[in-house]
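So the sequences go chain by chain: U, G, P, W, S and B.
FYI, UniProt numbering numbers position 21 of the first sequence as 21, with every residue one higher than the one before it.
FYI, UniProt numbering numbers position 200 of the second sequence as 200, with every residue one higher than the one before it.
FYI, UniProt numbering numbers position 100 of the third sequence as 100, with every residue one higher than the one before it.
FYI, UniProt numbering numbers position 232 of the fourth sequence as 232, with every residue one higher than the one before it.
FYI, UniProt numbering numbers position 134 of the fifth sequence as 134, with every residue one higher than the one before it.
FYI, UniProt numbering numbers position 154 of the sixth sequence as 154, with every residue one higher than the one before it.
Ideal placement from N, C-alpha and C gives every residue a C-beta, glycine not left out.
Bear in mind the structure is a predicted one, so any value in this text is a computation, not a measurement.
Here's the structure we're looking at; comments come further down.
There are 6 protein chains.
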Amino acid sequence: MRIAAFGEIMMRLTPPEYLMLEQTKELRLDFTGTGVNILSNLAHFGCQTSLLTNLPNNRLGEAAKASVRQLGIQDRWIGFSGDHIGSYFAEMGFGPRPTQVTYQNRRNSSFGVSGASNYDFDAFLAETDLVHICGISLSLTKETREAAFVLAEKAHALGKKVCFDFNFRPSLNEVHGVAFMKEQYEKMLPYCDLVFGSQRDLTDLLDMPLSETVDCANQFEELVHRFMTKYQIERFAGTIRQGEGDKHYLTGFLFDSENYVQAAPREIIHLDRIGAGDGYAAGILLGYSESWSLVESVEFATANGVLAHTIQGDVPLTTRKQVRHIMEQPTVDLIR
Amino acid sequence: MRIAAFGEIMMRLTPPEYLMLEQTKELRLDFTGTGVNILSNLAHFGCQTSLLTNLPNNRLGEAAKASVRQLGIQDRWIGFSGDHIGSYFAEMGFGPRPTQVTYQNRRNSSFGVSGASNYDFDAFLAETDLVHICGISLSLTKETREAAFVLAEKAHALGKKVCFDFNFRPSLNEVHGVAFMKEQYEKMLPYCDLVFGSQRDLTDLLDMPLSETVDCANQFEELVHRFMTKYQIERFAGTIRQGEGDKHYLTGFLFDSENYVQAAPREIIHLDRIGAGDGYAAGILLGYSESWSLVESVEFATANGVLAHTIQGDVPLTTRKQVRHIMEQPTVDLIR
Amino acid sequence: MRIAAFGEIMMRLTPPEYLMLEQTKELRLDFTGTGVNILSNLAHFGCQTSLLTNLPNNRLGEAAKASVRQLGIQDRWIGFSGDHIGSYFAEMGFGPRPTQVTYQNRRNSSFGVSGASNYDFDAFLAETDLVHICGISLSLTKETREAAFVLAEKAHALGKKVCFDFNFRPSLNEVHGVAFMKEQYEKMLPYCDLVFGSQRDLTDLLDMPLSETVDCANQFEELVHRFMTKYQIERFAGTIRQGEGDKHYLTGFLFDSENYVQAAPREIIHLDRIGAGDGYAAGILLGYSESWSLVESVEFATANGVLAHTIQGDVPLTTRKQVRHIMEQPTVDLIR
Amino acid sequence: MRIAAFGEIMMRLTPPEYLMLEQTKELRLDFTGTGVNILSNLAHFGCQTSLLTNLPNNRLGEAAKASVRQLGIQDRWIGFSGDHIGSYFAEMGFGPRPTQVTYQNRRNSSFGVSGASNYDFDAFLAETDLVHICGISLSLTKETREAAFVLAEKAHALGKKVCFDFNFRPSLNEVHGVAFMKEQYEKMLPYCDLVFGSQRDLTDLLDMPLSETVDCANQFEELVHRFMTKYQIERFAGTIRQGEGDKHYLTGFLFDSENYVQAAPREIIHLDRIGAGDGYAAGILLGYSESWSLVESVEFATANGVLAHTIQGDVPLTTRKQVRHIMEQPTVDLIR
Amino acid sequence: MRIAAFGEIMMRLTPPEYLMLEQTKELRLDFTGTGVNILSNLAHFGCQTSLLTNLPNNRLGEAAKASVRQLGIQDRWIGFSGDHIGSYFAEMGFGPRPTQVTYQNRRNSSFGVSGASNYDFDAFLAETDLVHICGISLSLTKETREAAFVLAEKAHALGKKVCFDFNFRPSLNEVHGVAFMKEQYEKMLPYCDLVFGSQRDLTDLLDMPLSETVDCANQFEELVHRFMTKYQIERFAGTIRQGEGDKHYLTGFLFDSENYVQAAPREIIHLDRIGAGDGYAAGILLGYSESWSLVESVEFATANGVLAHTIQGDVPLTTRKQVRHIMEQPTVDLIR
Amino acid sequence: MRIAAFGEIMMRLTPPEYLMLEQTKELRLDFTGTGVNILSNLAHFGCQTSLLTNLPNNRLGEAAKASVRQLGIQDRWIGFSGDHIGSYFAEMGFGPRPTQVTYQNRRNSSFGVSGASNYDFDAFLAETDLVHICGISLSLTKETREAAFVLAEKAHALGKKVCFDFNFRPSLNEVHGVAFMKEQYEKMLPYCDLVFGSQRDLTDLLDMPLSETVDCANQFEELVHRFMTKYQIERFAGTIRQGEGDKHYLTGFLFDSENYVQAAPREIIHLDRIGAGDGYAAGILLGYSESWSLVESVEFATANGVLAHTIQGDVPLTTRKQVRHIMEQPTVDLIR
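Okay, here's the thing in structure tokens:
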């Protein structure tokens with residue numbers, strides 16, 4: 001299955017050794033983004049992947065493309081337009097000090113200013129079996145919103161699988177407000193086959209209430225299946241984080257039209273607090289593309305999400321061998 | 001309230017990535033010192049701060065001044081004399097391996113050779129409401145001792161608040177012995193309004209016994225209030241560290257003439273084992289300068305002390321927003 | 001003389017050791033800008049300096065302010081608005097390979113979106129004797145253009161000295177074209193006392209022809225004096241670069257209303273190809289503020305411009321002692 | 001024209017800042033090799049390129065592939081065999097101190113132990129128009145020699161262009177001696193269309209004498225044309241270095257069956273003394289693949305070779321725009 | 001007691017800050033090996049130590065010797081032969097992500113190709129009281145096997161103490177198989193006085209069964225004493241790792257001909273997962289050379305093993321003072 | 001010939017990439033000093049060398065010893081006393097910007113506070129054939145002066161060769177003045193066999209006039225021979241630097257009792273402006289210890305001095321092979 005994604009390439013600038021911005025003049029530059037992260041991980045799993053996006057036609061755009069290629073992603077659908085790459089600075093947290101992300105201008109990025117007319121969706125879809133679209137596109141600009149809709153519609157019409165990630169960030173939507181965003185998501189969902197999201201996305205953004213007639217333990221399951229039926233969704237997946245004392249655990253869930261499975265929780269020990277969600281999504285997509293059972297998929301994806309937290313940067317670079325290792329030999333912490 | 005400090009600027013040289021000195025030729029250079037640390041933190045809280053000290057009139061002195069300015073501290077009372085900056089090397093510990101500090105010559109530093117005649121105390125005090133004096137000055141050299149006394153006396157006479165930190169280190173006082181040092185501290189205390197110290201400073205250094213007629217639980221409180229009454233101290237504050245299994249907790253205490261409050265203990269997770277005391281002191285001084293309640297002050301200061309341990313280097317660079325965050329949303333470990 | 005500047009703070013991101021962007025993930029972060037550069041240099045010469053600008057109210061804005069303070073510039077007139085800092089990447093050239101600058105979005109920066117209403121010009125000018133305005137403000141956005149005009153007009157009305165730098169970059173003005181820009185410059189110049197520029201600024205941008213009746217050797221001088229008379233300019237200054245074989249030389253010129261002096265050319269050996277112009281300007285402003293002779297000023301400023309090329313980054317950090325050293329003991333290449 | 005290469009991927013380990021191995025524990029890791037260098041450069045010129053080689057099937061092999069992809073080279077013909085990558089340490093010279101290269105085991109590398117049976121030449125050639133073979137293959141091991149012959153023979157039979165680079169290093173051939181190597185080269189040459197070499201390769205290795213009946217100035221030309229006729233070579237190219245005082249100049253030459261052109265010499269200013277030859281070769285191949293005139297080709301290739309010396313590492317990452325810039329605007333040393 | 005070792009010097013190349021190979025071009029270079037590690041630690045304890053090995057006669061060999069000298073080991077018995085140093089890349093694990101070691105060619109290293117004739121054992125032994133031989137020598141090559149046997153035999157004949165470390169790695173012995181390796185170990189053991197190993201070495205490699213007539217709790221002790229009697233071994237020592245929840249503990253054991261002691265388990269907190277075994281061995285050898293009691297030795301060695309995990313790299317650089325500190329003042333985590 | 005030196009070990013702290021102290025927090029730490037430099041170079045030439053000095057008994061002292069061992073120098077005569085190592089910061093110059101050295105406290109260093117009673121000269125001299133004493137010892141403190149005299153006297157009495165280096169720095173002698181220093185040098189010289197110095201040392205410090213009856217060209221030679229006769233000096237050597245345009249040349253001279261030779265001047269291209277003198281001295285001492293001719297010695301030493309300038313840091317790490325290379329194949333700038 002040829003897997004592709006439509007989404008932004010961002011620059012991430014990170015001070016070394018948990019330093020804060022004031023403390024250093026040294027920064028590490030990575031190119032990242034939900035699409036980059038998921039595709040890179042799938043490429044490390046052996047899948048053929050391709051990214052559809054736009055970059056500025058300058059030295060930075062070329063460097064971004066080189067980085068994407070290194071990650072194992074085909075760069076032939078990366079076009080040039082605009083003159084800016086959105087960026088963020090990540091001051092890495094430690095212990096009780098949270099990781100602090102500071103965004104620089106995203107809306108004027110090459111991706112942000114590119115609408116449907118800036119892409120050749122037909123040619124792109126001809127080479128794609130499944131396309132991942134990140135919900136950020138619906139929040140970013142009028143152009144990205146429009147491009148996402150056209151792409152999803154075309155893909156759906158062609159019988160390609162559409163995978164959509166809610167990725168709803170209130171901070172990116174202060175102008176339009178939730179009501180406006182609800183409309184956008186409702187417009188997108190009918191084209192989608194696989195969806196990543198959370199209970200809150202359904203209740204707070206889509207305004208779908210928990211059923212009062214279902215007992216508590218089953219409310220979430222009922223809600224999700226109601227949602228999936230409404231929009232004809234094939235898979236719905238996401239992660240839950242739980243704290244217990246000063247430990248944190250990650251578990252993933254996965255629905256098909258009839259079943260609901262949840263993985264055994266795994267302790268999170270993070271080197272980097274950003275990016276586990278994309279690792280989880282890559283695991284689910286791998287299982288889907290290879291028709292694994294729900295249980296197999298969710299266990300693999302959760303293990304992968306936990307591994308993603310042990311890797312510097314947003315991009316999960318795990319291989320199947322590494323994921324299998326921590327599933328099968330979790331106590332072997334030195335491999336020679 | 002304009003807050004100032006009198007104290008030494010030192011160089012701290014730290015190998016990267018927990019390496020020991022033998023293992024690397026790379027060092028990180030920071031300028032630090034009790035005064036620098038407290039003032040920098042207060043400046044990050046929005047206070048107007050100024051440091052009174054002396055540096056060598058050379059490239060290093062200029063670099064030290066630039067660093068102090070960057071931290072948000074006014075450098076106009078930093079003079080030039082002598083030709084040396086005291087320094088220390090910090091080999092960062094990990095797990096059971098302790099952090100190892102190795103001092104290089106401090107007594108011949110520009111600060112160490114500067115006596116009262118090297119400073120214009122009157123002009124300095126005219127622009128100051130509260131001055132912090134570190135107890136190290138009493139141990140370092142005859143010149144720093146004398147300067148500290150003259151400054152405290154003048155400040156007191158002018159009705160300025162004097163804040164004094166015991167900071168008693170037996171290793172710096174091997175020549176003179178405790179009896180001599182007791183005299184110096186007794187000479188200083190009558191000028192002081194706020195004091196940072198510990199039970200041991202009162203019992204071992206000042207030789208004030210715990211009352212045998214008070215029950216154990218109240219002995220510390222009785223002792224401190226006896227001390228405060230004796231020297232007419234307005235506030236007495238300090239921190240206590242406790243271990244429980246392999247976890248460590250920090251809690252702060254704070255006295256006014258009638259009351260005694262203690263903060264809820266907070267777990268310490270340290271990136272750097274040096275500097276939390278100065279973070280605590282900065283928090284107490286902020287509360288004092290803004291007339292917070294004792295409880296508010298001690299909780300904020302303890303949270304700040306814990307945060308200071310999560311920051312590389314001695315200098316606590318926390319903002320009010322960061323401290324409030326871990327007090328109010330301790331489980332949110334990623335802020336976008 | 002209290003010297004201030006109105007201008008943008010930018011981020012400069014530079015790969016280490018002459019690497020190109022594709023070759024590294026390590027970048028060095030500096031905060032720079034014409035105003036920052038000139039003021040920092042003047043502060044290193046002992047002048048009191050202050051920068052008027054706006055930054056985003058976030059971690060990056062705070063880090064930028066800390067950096068500016070470190071350079072010796074007062075940060076009290078730096079306000080907060082917008083949410084972006086313009087940035088550029090500098091791939092350092094070597095030998096025949098040119099230094100390559102790639103700009104990221106400047107127009108949407110906090111400075112770019114701030115108009116006259118975002119500043120308190122009156123209070124600012126009350127503490128200022130001379131204000132430097134960079135011509136980039138006329139090119140950047142409608143807001144910066146307007147702010148520059150209001151500031152210049154007010155300063156002029158209050159009898160403050162206005163120093164203006166053409167800094168005309170065709171690449172920033174592709175939308176409006178030269179005719180539009182000519183109008184803006186003509187609107188600004190009547191408020192100005194000191195101007196930095198080149199012959200080409202006068203002939204190509206302002207459309208002032210060289211006189212055909214003057215012999216070649218004197219055409220430039222006649223042109224400048226004609227320009228100075230027209231706009232009542234007190235000083236006009238700039239630099240000329242010349243190549244001779246594979247050597248490059250810098251020389252500065254300086255006009256007052258009656259005289260024209262040129263410095264002896266100095267060989268340029270560059271560690272960094274960006275920033276010498278600001279070093280030259282700082283030298284001229286120092287001489288002006290201390291009423292040096294034209295010759296003294298131009299020689300000092302040229303030496304300083306040459307030194308600026310030997311320093312990493314745009315910001316000239318030279319002291320008077322360093323400039324005097326290369327003027328007086330050019331062969332002593334090791335100072336102990 | 002789809003261009004491919006057959007050759008080794010090596011690790012290059014370089015101390016930073018001109019340090020020698022004893023002076024540092026920090027090394028920079030690059031993946032390099034004649035094929036990598038030429039293809040990467042061609043990819044930066046916009047060509048479609050692919051590398052045929054073998055790597056160990058482990059973390060290092062994967063890292064090497066990622067690096068090759070980043071450089072713009074397709075990795076689909078990179079197979080796995082063996083368990084070792086040849087490496088070399090480059091202590092960068094400065095002034096009179098030469099760059100010192102120290103090789104680690106090459107003969108047991110994955111490439112060194114791979115013979116013809118380890119590659120699928122037919123499938124590879126089906127996707128290739130021109131294949132570059134480095135003469136090192138003839139020296140390295142029996143297996144690489146055999147693989148090179150089979151590949152060249154098959155390519156020639158299929159009418160694909162074969163480009164061969166003498167790259168004769170006596171130090172790699174101490175065991176077999178020159179007579180043995182002469183045989184190998186003579187066996188290879190009949191399959192070749194383009195050849196890179198020097199006068200010494202023809203006279204000393206192939207034992208072809210300079211003609212005594214031709215006058216000195218034309219001896220080289222006569223020799224090369226005699227060589228080209230003998231082996232039916234379409235193009236012969238190489239570079240000459242000349243010193244003049246303490247300056248060094250590079251010039252390239254290029255022959256077709258009838259003509260001989262030489263580029264104007266360009267001064268070499270090296271950041272890195274390794275890799276200019278591959279930059280020259282990439283320029284010649286670009287010209288060939290796009291049917292440029294001999295003069296155009298040789299001028300572009302020489303400029304590119306000179307640029308290659310200004311880039312850290314062996315891999316020339318120049319773009320057409322950069323080469324054109326130094327050909328057309330050699331004095332503009334700062335591009336914004 | 002003059003302690004020496006016979007063994008390989010390897011290069012260890014480690015990415016910084018827990019990065020994986022794909023993520024960085026920066027590597028840290030260390031020279032390491034079982035003999036290097038143990039001797040360096042003993043030298044830091046104040047012992048006179050010397051290493052017998054071979055290196056290539058080139059820049060790398062010289063750098064390796066310099067590094068060994070820095071560690072406190074005499075380099076006079078380090079000879080030159082061959083042209084390669086074996087190396088490995090260590091991708092440092094974090095949390096559940098294991099440390100991943102990737103070896104490059106070891107069998108063709110200078111050490112691997114050196115047999116008995118390449119060393120002057122007699123002269124070496126004349127200056128040695130105890131020689132440590134690592135079991136890797138038996139696995140590596142025919143030459144190293146032979147050299148180890150000759151050395152052990154000669155040392156034994158001269159009445160020198162021979163210390164042997166099983167260090168059996170199945171991955172290095174895939175060609176020969178266990179039966180062959182058993183023979184080699186059986187040939188070596190009669191020459192040995194001190195042996196480091198595990199229960200599994202005795203049962204699986206030497207094929208010595210646990211006694212069924214002894215109750216479980218004493219089976220290990222009986223087995224080891226049976227082994228020691230058979231081969232006339234004076235001391236047998238090793239370590240056991242235990243997990244409890246997510247904590248890991250290290251404990252050491254030590255046998256003489258009659259007694260068996262085990263240290264109190266100590267929690268492992270690792271900065272580096274490689275090298276604790278060598279720290280343990282160094283502690284045991286120190287105790288042996290100074291005739292400490294078994295209990296003293298095993299407690300010191302276990303503490304040292306735990307400390308070794310808190311140090312970057314394989315080489316334990318601990319001093320007696322540091323080991324004593326964590327044994328006596330485990331809660332003091334900052335020493336000034 | 002066993003060569004030893006008596007002198008200080010200093011710390012050198014250097015910002016990377018030509019940055020100034022204000023511009024960076026990263027420093028490189030090297031241990032250096034005239035004795036360290038000369039002995040290290042001789043060790044790299046294959047000589048047996050040993051350093052006599054004192055260091056503090058702490059982590060820094062241990063790190064300094066480790067560094068000295070790495071350089072190839074025996075550390076058995078390095079004792080412990082005092083608690084401080086003198087240090088200096090070197091801001092590396094570029095082009096016209098001079099290298100700027102800033103010293104930190106030297107007089108209170110472990111070396112500075114150690115007098116004759118802190119060393120065991122007799123045991124040391126029993127293992128030494130030639131001892132180098134740096135003139136800095138005469139300037140530093142009363143203790144170092146005394147120690148130098150006692151050592152020189154004892155060495156001379158035992159028939160050991162004494163090599164003395166004027167190394168007169170007015171900046172270190174502002175307190176005592178030239179007259180006092182003259183006395184000290186006159187007291188030392190009778191014990192000396194080899195002396196490094198300059199014409200100015202003889203004329204300005206020792207107050208020996210140039211002869212007016214000798215013609216100009218021979219004045220220097222006559223002066224040196226007069227000086228050598230007076231103090232019974234066997235060899236006198238030094239270097240001369242000359243500028244010609246923007247090029248700099250180094251040449252060495254060498255006298256025995258009857259002859260005077262001067263090397264051919266060699267161009268200086270410096271990576272580091274500190275340390276060439278020690279490289280020259282090492283070359284002369286090598287020639288002396290191996291009874292080379294004056295011409296051989298002076299040519300080798302001058303080439304070595306020039307090479308020393310191409311190496312980062314003060315310590316010349318050149319081998320005989322490297323020196324011979326630039327003497328014999330100066331145009332080969334890449335060695336594989």
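Residue i and residue j closer than 9 Å at C-beta
i        : j        : result
LEU254/G : VAL214/G : no
ALA152/S : TYR191/S : yes
ARG2/S   : ASP30/S  : no
PHE166/S : ASP193/S : no
is_contact[residue i, chain P] using C-beta, thresh 9 Å
i        : result
LEU223/W : no
LEU151/G : no
Residue-level contact to chain B via CB, residue i, 9 Å cutoff
i        : result
SER171/W : yes
Chain S within 9 Å of residue i, Cβ atoms only
i        : result
ARG273/W : no
CB contact check: residue i to chain U, cutoff 9 Å
i       : result
SER67/W : yes
Checklist line | At least 3 beta-carbon pairs within less than 8 Å: the stretch 296–309 of chain P vs the stretch 62–69 of chain P | finding: Verdict: no, contact absent.
Next item on the list: Spell out a yes or no on whether the stretch 81–89 of chain G and the stretch 107–117 of chain G are touching, meaning 3 or more CB-CB pairs, one atom from each, closer than 8 Å.
Entry: yes
Check: Using Cβ-Cβ distances below 9 Å, what residues of the stretch 2–26 of chain W are close to chain P?
Finding: Within the stretch 2–26 of chain W, the qualifying residues are PRO16 and GLU17.
Checklist line | Interface positions of the stretch 303–322 of chain W facing chain B (Cβ-Cβ less than 9 Å), listed along the chain | finding: none
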